[in-house]
Amino acid sequence: MTERSSPQSLAVPGKAALAAPPPASLQPARGASEATREYLVFEVAGDRMALPLGAVKEILKLSPITAVPRAAHDVLGILSVRGRITTVLCLRARLALPPPEVSTRSARILLVDRGTEIIGVRVDAVSEVLRLRPSEIEAADVIGAGLAEHVTGIGRPGGQQGQVVVLLDPVALLR
Amino acid sequence: MSDEADRVRDEFLAESQEIVESLSRDLLLLDHGQKHGRADPDLVNSVFRGVHTLKGIAGMFGYRELSETAHVLEDLLDHLRLGRVALAQSSLDVLFEGVEVLQRLLGAIRGESHEVDLASFRRGASGLVGQSAAPAADPLAAYDLDPSMLGVLTEYEEHRLRTNAEQRVPLYRVRVRFALSSIDTDLDALKARLKPAAEILTYLPSVEGSGDDAIELEVLLASSTPLAELRVLVGDSPVEPIPMREGPSRTMPPPPLGASPTGTIAGSIAPVLSRAPVSDEGRELVPSRDAGAEAIAVRAVAKTVRVDIAKLDHLMNVIGELGIVRSAVGRVLDRLGARADLRPISSELHRIHRSFERHLEALQDGVLDVRMVPLGQTFDRLARAVRQVAREHDKEVRLVVNGGDTEIDKLIVEELIDPMLHLIRNAVGHGIESREQRARMGKDPTGIIALNAYQKGNHVVIEVEDDGAGIDPQRVLARAVERHLVDLGAARELDDQAIKQLVFLPGFSTADQVTDLSGRGVGLDVVRTNIGRLGGVIDLHSTTGIGTKFTLTLPITLAILSALVMRVGSHTFAIPLTVVQEALFLEPRSIRVVDGRELITLRGQSLPVVRLTELFRLGEPTRQRGYVVVTSLGQRRLGIVVDALEGQQDIVTKPLGPSLQNVRGFAGATDLGDQRVVLVLDAPALLDEVLSSDPRVSAGAA
């Protein structure tokens, strides 16, 4: 499962429309020889989570979303992205986290490729692009039971001291 | 790579499908001709050529079963063409079966799972080819024909000559001079002129008349048209009748074909088509019949382009985006208009805007027009089904088609075939009575099924009508009660017309015995669902003993719609105007509640109404005042209560993503141009949902 997005996600140099440029500290300097993977880190209800950068097609500012009656509880509604009607999910609702108090200026919609469809995913804020070496990732199957199936592992940038990131699998998450 | 392979496969399928459709069209004409004793031999040829082409392309793309089946069919057609197998209902059965097999094989390649029974068709075909008729006594002996001419006829030409001779059709010889530069077109023109009046059996170049820039052909004609008329048709060229020998000569043994002249009465008549040796170059200048016809076919193909409908959808999307640009420019114009100092510029921009609007409309009409296809093609396929089903039920059925030129969106046509087939099977299987029954009732033993199509506003109406036994309300009711589709109490309140609507309920099937053809476990409810998916409705009218009529009402196109935009609380929805009958101001006092359902009275009739707030659980307080949007589909009507109407707008409905596929009630969404996306209501689904939740109300509305 972790192998899924690796070949594509390595090749995203000119990624457009990123809200924030990757911090300078992430420029390839140390450990460049070791194969790294790139993740887009965002905030949801105070937690740091990440999706493989290759799965995120675009980052949009929050724009008016049309509610769809009768849709599942985690569907915020629909949006027209250059003429294509796109479903937008609320990641908080998806992960059974409390709803946001008010929509903040920092909220973004990630357009994520789940294989069969590009889906909009509302997050509280986009933080950074993170490169992780395999040694910095604790794979889910190593950690063992207790993790939801959409979690592929835990990222620990810079060893034990860094802030941990929950790594998500876009396909399992948006199924 | 695989995209490319898919594209090639799709193109192959599209072309093959076209061929198969033209085959069945020709076969139906042939069937008709055969029944009336005037089968056009050109039709056999046309079928033969189609099958031959199909065999070729199937072989080329490696579809072995398809190419082998086409080969068997081609072989049989060749025998028919040459008269070795007689054209009769039995041989037509095998031909129809062959085309059906081809159709199914194409279906299998498309990935629709079909069981294809190759063996039955092959048995039929080889049975026919095996028992090829022995040549009868030679009728050619009745004519004074030049044996040397007979020697150069192709087998097919000889067969046609014999067929005409058997019927003692007078033969004529015509010498026509053609300029070499224009022989192709002139010859085609001559053929076209002669076609209704005469059959061209063969033509060969004659030596005397041919020069450097001209060639003279001797044409052998068979025609029952009086000589004087024939002369007018042919024009300047001389027409010579070929004398028939009297009495005894008919019993003379026929001269062996291709042998030296022995049987002619020397000197009595000028040899017909005396064929002088012709050089190879000379012969090449003469197009053969087949080559000529193929050339026409190639030219016809060259003027058309096959386009993937997805490309048209894309164009439609672009047009939709242009519409958004148009409204944006319109808004800028409004702002400019308010500035007195910019008056000249704004009026110039206004003119440009108007012209942009006009061209955009023309573009939209053009793209819509390209999507339109006549229903005739669909009707042809249905005609084949009628014939087949009728023969298997051993019933006499005549199909009458009206309005085959009515045009409808290609996408709708594709989806229409299955439901229509179902209705046709029903009509033949359950509607039309057996011959004996019809005779007993004083009806014509031949049943009639009529397919009528016509345009009605933005809709196309298709009727499938039979003059059979009609639907017996008592049997329908008994079945519905037996299947627990209605309870007895409710059933008592239903009138006959309402009872008949019960046949559309899931789980209903009136066929007492399930036949292979009519009862495949698929009921009319599936037909109704499929028609509903296309934004249409189906209605039923039946009179016991007189017949049954199903009426399908479908939108002309799914691509672009005029819609009514309306508001409920903070939500905005659009509904296609095609289903909106009218919109009324709602008098809160006029609402009655019957059995927990709200009704208003509209022109003396009860109209069930539904509040979108409640239906969609929008959780907003129901306002007392509002509007009722009266939607009607066929016979069924429903009032939708909304807070406000925003007006009418052309919309391009776009599908919701797969993740919202199971959300009922919406046909899609559309971009209104001011950054607003609104949901488009799926009116047929809503009508079904609201009205079918209680069969009494659903029936009462009909």
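The listed protein sequences derive, respectively, from chains A and B.
Going by the numbering used here, the first sequence opens with residue 213, and the numbers climb by one from there.
Going by the numbering used here, the second sequence opens with residue -10, and the numbers climb by one from there.
All residues carry an ideal CB built from backbone N, CA and C; glycine is no exception.
Only counting the same chain, and skipping five residues up and downstream in sequence, which positions put a Cβ closer than 6 angstroms to that of B:Val229?
In the sequence on display, residue 229 of chain B carries Glu and not Val. Answer for B:Glu229: Arg162, listed in chain order.
Could you spell out where the alpha helix (DSSP H) holding B:Pro597 opens and where it closes?
Not the alpha helix (DSSP H): B:Pro597 falls in the beta strand (DSSP E), residues 594 to 600.
Quick check on A:Ala308: does DSSP put it in helix, strand or coil?
Assigned with DSSP and collapsed to three states, A:Ala308 falls in coil, not helix or strand.
Select from the region 265 to 286 of chain A all residues with a C-beta closer than 9 angstroms to any C-beta belonging to chain B, and list them in chain order.
Ser275, Pro276, Ile277, Thr278, Ala279, Val280, Pro281, Arg282, Ala283, Ala284
Got a sec: is the Cβ-Cβ distance from B:Leu483 to anything in chain A below 7 angstroms?
no
Which residues of chain B have a Cβ atom closer than 9 angstroms to the Cβ of A:Ile331, listed in chain order?
Gly646, Ser648
Could you give the DSSP three-state label for B:Pro647: helix, strand or coil?
helix
Pick from A:Arg343, A:Ile330, A:Arg345: whose alpha carbon is nearest that of A:Val268?
Ranked by Cα distance from A:Val268, the options A:Arg343, A:Ile330, A:Arg345 are led by A:Ile330.
Just tell me which of B:Arg370, B:Ala416, B:Pro185, B:Met305 has its CA closest to the CA of B:Glu350.
B:Met305
With C-beta atoms as the reference, is A:Leu344 less than 7 angstroms away from A:Gly367?
The Cβ atoms of A:Leu344 and A:Gly367 lie closer than 7 angstroms to each other.
Just to confirm before moving on: does the CB-CB distance between B:Val318 and B:His303 stay below 7 angstroms?
No, the pair does not count as a contact, with Cβ atoms beyond the cut-off.
Which value, in whole angstroms, describes the spacing of the CA atoms of B:Ala203 and B:Ala168?
Their backbone Cα atoms lie some 4 angstroms apart in a straight line.
Please classify B:Asp323: is it buried, with 16 or more other beta-carbons within 10 angstroms of its beta-carbon, or exposed?
exposed
For the candidate residues B:Ile580, B:Asp358, B:Val450, B:Ala572, whose alpha-carbon lies nearest to that of B:Gln624?
B:Val450
If you measure from the beta carbon of B:Phe605 to each beta carbon in chain A, is any gap under 7 angstroms?
Chain A contact via Cβ: present.
Between the region 550 to 562 of chain B and chain A, which residues of the former have CB atoms less than 9 angstroms from a CB of the latter, in chain order?
Ser559, His560, Thr561
Which of helix, strand or coil does DSSP assign to B:Glu346?
helix
Helix, strand or coil, according to DSSP, for A:Gln375 in the structure here?
coil
Around the C-beta of B:Met409, are 16 or more other C-beta atoms found within 10 angstroms, so that it is buried, or is it exposed?
buried
Just checking: is the beta-carbon of B:Ala317 within a distance shorter than 7 angstroms of some beta-carbon in chain A?
No, no contact with chain A.
Starting from B:Val641, trace the beta strand (DSSP E) both ways and give me its first and last residue.
B:Val641 -> no beta strand (DSSP E), and no H or E assigned at all.
Of all the CB atoms in chain A, is at least one closer than 7 angstroms to the CB of B:Asp677?
no
I'd like to know if A:Gly295 contacts chain B, where contact means its C-beta is closer than 7 angstroms to some C-beta of that chain.
yes
Where does B:Asp297 land, buried or exposed, given buried means 16+ other C-beta within 10 angstroms?
exposed
Whole-angstrom Cβ separation of B:Glu452 and B:Lys538, contact assumed at under 8 angstroms?
6 angstroms
State yes or no: is the C-beta of B:Arg320 nearer than 6 angstroms to some heavy atom of the ligand FMN?
With respect to the ligand FMN, the structure offers nothing, as it holds no ligand at all.
With B:Leu301 and B:Val356 assumed to form a contact (beta carbons below 8 angstroms), what rounded beta-carbon distance in angstroms separates them?
6 angstroms
Measuring CA to CA, which of B:Arg93, B:Asp29, B:Gln78 is closest to B:Ala59?
B:Arg93
Would you identify the three-state DSSP class for A:Gly258, choosing helix, strand or coil?
coil
Output, in chain order, the set of chain B residues within a Cβ distance shorter than 9 angstroms of A:Ile290.
Leu645, Gly646, Leu649, Ala658, Val666, Leu668
So with Cβ pairs under 7 angstroms, would you call A:Thr316 a contact of chain B?
A:Thr316 does not count as touching chain B.
Candidates B:Arg464, B:Phe1, B:His560, B:Leu550: which alpha carbon is nearest B:Ile488's?
B:Arg464
Could you confirm whether any beta carbon from chain A is found closer than 7 angstroms to the beta carbon of B:Val652?
yes
From this set, B:Gly420, B:Gln444, B:Arg53, which residue's C-alpha is nearest B:Asp394's C-alpha?
Ranking B:Gly420, B:Gln444, B:Arg53 by Cα distance to B:Asp394 puts B:Gln444 first.
Does B:Asn441 come out as helix, strand or coil in the three-state DSSP assignment?
Shown here, B:Asn441 sits in a strand according to DSSP, grouped into three states.
A:Pro382 lies in the alpha helix (DSSP H); which residues open and close that run?
382 to 385
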